[in-house]
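Step one of this worksheet: look at the structure below.
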Amino acid sequence: MEEQNFDERNPFELKAYPFAIVGFFITDKAPQDSFREELSVEEMEEIQSLIKKYIFKEGTDIVIAPFIVPPDQVDETLRQLAEQVFRGENEE
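If you use my numbering, the sequence shown corresponds to residues 117 to 208, in order.
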């Protein structure tokens with residue numbers, strides 16, 4: 117079975133599901149002072165590629181958006197991420 121490129125598949129056959137990789141970081145700094153600000157597009161693509169390669173089975177595509185989410189804002193944040201990912205579908 118030949119694997120299709122993400123762009124070649126029918127978007128109406130695909131379904132997106134949120135996933136989370138939960139961890140902790142330990143620091144004496146404020147949370148916003150703990151993350152690198154100069155993360156390049158290439159570095160983000162590399163992180164996304166590693167997550168896809170080592171966690172998901174072949175044929176599964178992922179999109180990531182790293183940020184700190186307070187526990188009481190998780191549902192709203194996932195809704196906003198879904199809107200960003202699928203905003204083009206509603207315009208057609």
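Positions of the beta carbon are idealized from the N, C-alpha and C atoms, including for glycine.
Go ahead and pull the three-state DSSP assignment for L155.
Of the three classes helix, strand and coil, the one that applies to L155 here is coil, per DSSP.
Hey, I167 and I180: beta-carbon distance below 8 Å or not?
Between I167 and I180, the C-beta gap is smaller than 8 Å, which places the two residues in contact.
Quick one: grab the DSSP three-state call for Y133.
Coil.
Taking all protein chains shown into account, do 16 or more other C-beta atoms lie within 10 angstroms of the C-beta of E208, making it buried, or fewer, making it exposed?
With a pLDDT of 44 at E208, under the threshold of 50, the modelled position of that residue is not reliable, and the figure given next carries that caveat. With fewer than 16 other beta carbons inside 10 angstroms of its own, E208 counts as exposed.
Secondary structure at E174, three-state DSSP: helix, strand or coil?
Residue state for E174 is assigned as coil, using DSSP reduced to three classes.
Between A136 and R203, what straight-line distance do the alpha-carbon atoms span, to the nearest angstrom?
Distance between the alpha carbons of A136 and R203 is about 21 Å.
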